[in-house]
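Visitor:
Numbering (this note's numbering), first residue to last: 174 to 502.
(1) Just the Cα atoms here: how many angstroms apart are residue 188 and residue 432?
(2) Quick one, which of 355, 296, 303 has its alpha-carbon nearest residue 212's?
(3) Output yes or no for whether 8 Å exceeds the beta carbon distance between residue 315 and residue 347.
(4) Would you list the one or two residues that DSSP bridges to residue 291?
(5) How far does the alpha helix (DSSP H) with residue 249 in it reach, from first residue to last?
(6) Helix, strand or coil, according to DSSP, for residue 259 in the structure here?
(7) Who are the Cβ neighbours of residue 460 in its own chain at under 7 Å, not counting the five residues just before and after it?
(8) Put residue 212 into one of helix, strand or coil per three-state DSSP.
(9) Quick one: what does DSSP say residue 238 is sitting in, helix, strand or coil?
(10) Which residue's Cα is closest to the Cα of residue 458: 200, 294, 259, 383?
(11) Which value, in whole angstroms, describes the spacing of the CA atoms of residue 312 and residue 349?
(12) In chain order, what residues of the same chain lie with their CB nearer than 7 Å to the CB of residue 412, ignoring the 5 residues before and after it?
(13) Could you check what DSSP says for residue 335 in three-state terms: helix, strand or coil?
(14) State yes or no: is the C-beta of residue 267 within less than 8 Å of the C-beta of residue 235?
(15) Shorter than 8 Å from the beta carbon of residue 332 to some beta carbon of chain E?
(16) Going by the DSSP bridge assignment, what does residue 207 pair with across the sheet?
(17) Under 7 Å Cβ to Cβ from residue 416, same chain only, skipping five residues before and after it: list those, please.
(18) In three-state DSSP terms, what is residue 384?
(19) Confirm, please, whether the CB-CB distance from residue 485 to residue 269 is below 8 Å.
(20) For residue 127, count the other beta carbons within 10 Å of its own beta carbon; 16 or more makes it buried, fewer makes it exposed. Which is it?
(21) What do you get for residue 375, buried or exposed, if any count of 16 or more other CB atoms within 10 angstroms of its CB means buried?
(22) Apart from the five residues just before and just after residue 369, which ones in its own chain have a Cβ nearer than 6 Å to its Cβ?
(23) Should residue 364 be labelled buried (16 or more other beta-carbon atoms within 10 Å of its own) or exposed?
(24) Nearest to residue 342 by alpha carbon, out of 217, 499, 199, 482?
(25) Kindly indicate which three-state DSSP category residue 299 falls into: helix, strand or coil?
(26) Just curious, the beta strand (DSSP E) that residue 370 is in, first and last residue?
(27) Using 8 Å for Cβ pairs, my map puts residue 286 next to residue 422. What's the rounded Cβ distance?
(28) What first and last residue would you give for the beta strand (DSSP E) that runs through residue 451?
(29) Residues in the same chain with beta-carbon distance under 6 Å from residue 392, minus the five sequence neighbours each way, listed in chain order, please.
(30) For residue 392, write down the residues that DSSP places opposite it in a beta bridge.
(31) Just reading off the beta strand (DSSP E) that residue 350 is part of, what are its end residues?
(32) Going by the beta-carbon positions, is the gap between residue 408 and residue 308 smaller than 8 Å?
(33) Let's test the definition: count the other Cβ atoms within 10 Å of the Cβ of residue 455 and tell me whether it reaches 16, buried, or not, exposed.
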């Protein structure tokens with residue numbers, strides 16, 4: 174009887190300690206793991222947001238870039254950490270495609286969306302010394318010289334890969350892809366003349382375009398953006414995939430205590446509402462979302478459905494979305 178009481182007492186103490194720990198969260202600094210390299214759109218979105226989140230949480234968030242594997246390395250790293258809410262994943266859309274591309278079994282269904290910050294516009298950019306003035310000019314060059322025009326890429330499942338796949342389903346697009354660990358390094362290579370063009374989130378190219386170091390040939394959309402004509406003006410057939418674009422978010426493991434999740438959601442909601450941050454993100458070509466929980470989960474599932482079934486259609490899916498339980502849009 175005494176032994177049973179001791180067990181019950183120990184269990185009660187453990188439960189009390191867990192509850193107390195969650196209520197005290199956070200009582201130390203947090204770790205933020207960024208999926209992509211320094212200088213890219215995801216890195217900028219994360220590093221610009223964190224100071225406001227730190228202010229709301231009252232604790233520091235130490236950021237670390239873990240690029241590689243089209244975001245899989247950082248995602249896997251966070252998945253292996255304790256489910257205590259102290260390790261945050263700052264990521265983009267890529268993990269939603271990892272299962273269908275057989276890169277990893279991990280997608281955002283295994284994580285809780287603390288905040289889907291924003292979604293971005295996609296631009297096709299090149300350097301001013303290139304003769305192309307429109308996407309139509311670039312397309313003609315690529316088709317006339319198969320394999321000779323080089324495009325910056327972030328690997329299978331990355332944004333450039335996805336856009337190229339969409340284009341290749343409606344017309345020939347025999348460009349040679351050169352992979353880099355993120356759009357930041359890719360843009361750097363473009364500026365250095367190592368590749369000829371790149372599809373990037375507007376945020377990664379905005380400052381370079383303003384400074385005249387890059388020029389935009391088109392935006393992946395049906396309407397002009399900041400004076401840049403839509404790709405559909407030169408390739409109307411691509412319209413069936415639109416609207417489409419990258420997104421940026423903050424995640425923790427799905428089984429983190431609810432109390433810790435609630436505090437993180439509140440802090441990042443406040444941070445992403447900061448007028449200075451909103452101005453920065455909009456200035457970098459993003460549309461603010463600032464959603465979390467069930468609303469964010471619904472957005473993630475829809476994005477995964479549309480893109481995964483697109484991959485299935487173009488023949489680059491390694492696993493059928495149907496076999497993975499991904500509903501058809």
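All C-beta atoms, glycine included, are put in the ideal place defined by N, C-alpha and C.
Guide: Working from what's here:
(1) Low local confidence applies: a pLDDT of 47 at residue 188 is under 50, so the model's placement there is unreliable, with the coordinate-based value given in what follows. If I take the Cα positions, the gap works out to 14 Å.
(2) Looking at 355, 296, 303, the one whose alpha-carbon comes closest to that of residue 212 is 355.
(3) yes
(4) 421, 461
(5) 245-252
(6) coil
(7) 291, 292
(8) coil
(9) strand
(10) 294
(11) 13 Å
(12) 395, 405
(13) Residue state, collapsed to three classes: helix.
(14) No; because the gap between Cβ atoms is not below 8 Å, this pair is not in contact.
(15) Looking for chain E here will not work: only one protein chain is present.
(16) For residue 207, which the question treats as bridged, DSSP gives the partners 238, 263.
(17) Around residue 416, the same chain offers 394 as residues with beta carbons nearer than 7 Å, after the five sequence neighbours per side are excluded.
(18) If DSSP states are grouped into helix, strand and coil, residue 384 belongs with coil.
(19) no
(20) Because the chain in this structure spans residues 174 to 502, residue 127 falls outside the shown range and cannot be described.
(21) buried
(22) 322, 323
(23) Counting Cβ neighbours within 10 Å, residue 364 comes out exposed, since fewer than 16 surround it.
(24) Measuring C-alpha to C-alpha distances from residue 342 to each of 217, 499, 199, 482 identifies 482 as the nearest.
(25) strand
(26) 370-374
(27) Yes, they are in contact, since the Cβ atoms of residue 286 and residue 422 sit about 6 Å apart, within 8 Å.
(28) Looking at the DSSP string, residue 451 is not in any beta strand (DSSP E); the run it does join, the alpha helix (DSSP H), is 448-456.
(29) 294, 296, 398, 401, 403
(30) 296, 403
(31) 349-352
(32) yes
(33) exposed
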